[in-house]
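Q:
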Ligand code: ADP
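In my numbering, the protein residues as written are 199 to 832.
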């Protein structure tokens, strides 16, 4: 019998398989089972279209048998089978499907990681085998054929005998080496585990004779101590019908919760379950979960988002990141689509139109489900928001605010008037007729913000203020610019858009009258502030700090906590309340002892810093100044 050479491209892929030092060799089983399932599908389909008799859906199965002594692992199916030509064409060349493209894409870069992630089909058998024998008998024929290969040298085909139609793939498992354990692929528990992991939802039963032990009859009584005997029983290893393919009405919350906890190793029920099936431009089933708490590494670089991706019930990727935008990265779950081919590489997947379509749909679905939760069960939504609100806010900030439309109605901020978290829509609905902006103020805690001098005037006028306590908050609002036409405006902003402006005539006049005083103070604070001016925004406080330009004091704080040597500084402005007794004192002092004004300026600046929660440069000097003041009073 002549030995035939593999076609050139097959040879290369084969080489990669044989020599790969890949750790995910285990996927060979998934590949062979998936081929077996396809072969049964083909026959079953034919039985329907050609009205074949004698074929019953329940008779179809895939069988696995391991023989430790012979070191063989056999995967059998009673599917359509292959004749001599099929063997030649299908196994002698790389199928024209994904494998060839896979090979082309990886001609330069033999990135073996890809092998584990995607179907590479039949050849993956060579990752664990020294020899692969295929015995096949096509349906409707009485002839059977044997294809055999020990790897890159080539293969041979000859006629043989086989009972019944279908295909047996017999792998002669490689001997284990010091580095590599191949014996495990002959172990029952390992094979059971692999089927569960990768092929649980194959639609035909995957059967294997499993050795078990039982109490020998008549033992285990008072007279006779327990004796055990072993016996074998054929078990179906897969559950066949995936939960996501079932009808929603058949399922209870408990079914989903158990599935989620088992599959994604969580001890808590999910907060939200989304089960959707779509047909049309993209056909898929999706089962998504929003966890009740953030995983411990969620806010670290180590965290990997992604959904499991199945092609017709076969797992092709454990974490498909392209299916989820970063801001919904907390969603766990899976997508099963018939539109995807099993043999698809990571690079191809990234450009897959179908996948993009699915990702777009999922994003919309997640958004509407979260919005639904917000509308229907506020308490639950707030629990969710506590864990993942930050991600949503980062999302609103990222990509220059490009995701505003998706996210703006999912955001919550603490409200000065409601004393709880509110949506932007709710805020807008409550805005006063003359109110131009959506006001916000930043600080460490809502309590601290509530006492900020900058918020006094707005509160006095009865305007609602959003209290921002997370670093990203102000950045997010700045990126979003406005909500439904209403611009965001910081309470520390120079222009609060009040009808009766912060700079009233009174303030303007006072500024004019005290020009010299203000200039002197500004000189005293040279390098620290860009301006010293009077403001109408303060009520009971003598001073506050604000910032001119795009960077606020809060942003300065946040930016300076980031790694890097470059520090940013907001353009600080010291604002004085002209109707405060302190200003009166300053005026008097300026008339009698102008030099002392300089010291007071520093003191007031330090006070303003403290109110803002910012460090003062020289606490000792600050303390001394205060002491001096106290003793002068006595
Ligand atoms: P793919 O599954 O992507 O086509 P494979 O290399 O896994 O690539 O298989 C090549 C071809 O061999 C299959 O397309 C199929 O026609 C045939 N084949 C493989 N396994 C079987 C089987 N168990 N029964 C029938 N045909 C098979």
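Cβ atoms here follow ideal geometry from the backbone N, Cα and C, with glycine treated the same way.
Tell me, which residues are paired with residue 252 by DSSP?
A: Per DSSP, none; premise fails for residue 252.
Q: For residue 840, tell me which candidate among 488, 555 and 518 has the shortest Cα-Cα distance.
A: The chain is shown only over 199 to 832; residue 840 falls outside these bounds and no answer can be derived.
Q: In whole angstroms, give me the CA-to-CA distance for residue 244 and residue 493.
A: 48 Å
Q: In three-state terms, what does DSSP make of residue 794?
A: When secondary structure is reduced to three states using DSSP, residue 794 falls in the helix class.
Q: Counting contacts by CB-CB distance shorter than 9 Å, is residue 642 in contact with chain C?
A: Chain labels in this structure do not include chain C; a single protein chain is all it has.
Q: Would you mind listing the beta strand (DSSP E) stretches within the stretch 463–533 that are 3+ residues and don't spill past its ends, in chain order?
A: 470–476, 482–488, 505–509 and 512–518
Q: Would you report the Cα separation of residue 739 and residue 624, rounded to the nearest angstrom?
A: 31 Å
Q: Does the beta-carbon distance from residue 606 to residue 681 come in below 9 Å?
A: yes
Q: My assumption, with CB atoms under 8 Å, is that residue 745 sits in contact with residue 764. Please give the rounded CB distance.
A: No, residue 745 and residue 764 are not in contact; Cβ-Cβ is about 18 Å, not under 8 Å.
Q: Between the Cα of residue 223 and those of 275, 582, 352 and 388, spot the shortest distance and give me the residue it belongs to.
A: The residue among 275, 582, 352 and 388 with its C-alpha nearest the C-alpha of residue 223 is 388.
Q: Inspect the CB distances between the stretch 555–570 and the stretch 622–637 and report whether three or more fall short of 8 Å.
A: no
Q: Let me know the beta strand (DSSP E) ranges lying completely inside the stretch 379–448, each 3 residues or longer, listed in chain order.
A: 404–413 and 426–434
Q: Please classify residue 592: does DSSP put it in a helix, a strand, or coil?
A: helix
Q: Just to confirm, are residue 537 and residue 594 a CB contact at a threshold of 9 Å?
A: Cβ distance not < 9 Å, so residue 537 and residue 594 don't count as in contact.
Q: Tell me which residue opens and which closes the beta strand (DSSP E) that residue 685 is part of.
A: Counting along the chain, residue 685 sits inside the beta strand (DSSP E) bounded by residues 684–688.
Q: Hey, would you say residue 402 sits closer than 9 Å to residue 512, going by beta carbons?
A: no
Q: Note down, in chain order, each residue of its chain lying with its Cβ closer than 8 Å to the Cβ of residue 382, except the 5 sequence neighbours on either side.
A: 388
Q: Can you tell me whether residue 342 is helix, strand or coil according to DSSP?
A: strand
Q: Cβ of residue 668 within 9 Å of Cβ of residue 588?
A: Closer than 9 Å, so yes.
Q: Got a sec, what are the start and stop residues for the alpha helix (DSSP H) residue 628 sits in?
A: 622–628
Q: Would you mind working out which of 201, 473, 428 and 463 sits nearest residue 450, comparing C-alpha positions?
A: 473
Q: Taking only runs that begin and end inside the stretch 699–735, name each unbroken alpha helix (DSSP H) of 4 or more residues, in chain order.
A: 703–711 and 713–722
Q: Counting along the chain, where does the beta strand (DSSP E) carrying residue 458 start and finish?
A: Looking at the DSSP string, residue 458 is not in any beta strand (DSSP E); the run it does join, the alpha helix (DSSP H), is 451–461.
Q: Is residue 320 near the ligand ADP, in the sense that its beta carbon is under 8 Å from a heavy atom of that ligand?
A: yes
Q: Do residue 333 and residue 202 have their C-beta atoms within less than 9 Å of each other?
A: Taking C-beta atoms as the reference points, residue 333 and residue 202 fail to come closer than 9 Å.
Q: If the criterion is Cβ atoms closer than 9 Å, does the pair residue 559 and residue 655 meet it?
A: No, they are not a contact pair.
Q: Which of helix, strand or coil does DSSP assign to residue 773?
A: strand
Q: With a CB to CB cut of under 7 Å and the five nearest residues on each side skipped, what residues in its chain are close to residue 728?
A: 746, 769, 770 and 771
Q: Smallest Cα separation from residue 789: which of 462, 716 and 817?
A: 716
Q: Which ranges would you report for the alpha helix (DSSP H) in the stretch 628–666 if only whole runs of at least 4 residues count?
A: 644–648 and 654–658
Q: Determine the direct distance from the alpha carbon of residue 797 to that of residue 749, and round the result to whole angstroms.
A: Near 28 Å, if we compare the C-alpha coordinates of residue 797 and residue 749.
Q: Within 10 angstroms of its Cβ, does residue 712 collect 16 or more other Cβ (buried), or is it exposed?
A: buried
Q: Short of 6 Å in beta carbon distance, which residues of its chain neighbour residue 651, apart from the five on each side in sequence? Order them along the chain.
A: 736, 739 and 742
Q: Could you spell out where the alpha helix (DSSP H) holding residue 566 opens and where it closes?
A: 551–574
Q: Should residue 407 and residue 433 be called a contact, given that it needs their Cβ atoms to be closer than 9 Å?
A: yes
Q: Tell me the DSSP secondary structure of residue 208 in three-state form.
A: Residue 208: helix per DSSP, three-state reduction.
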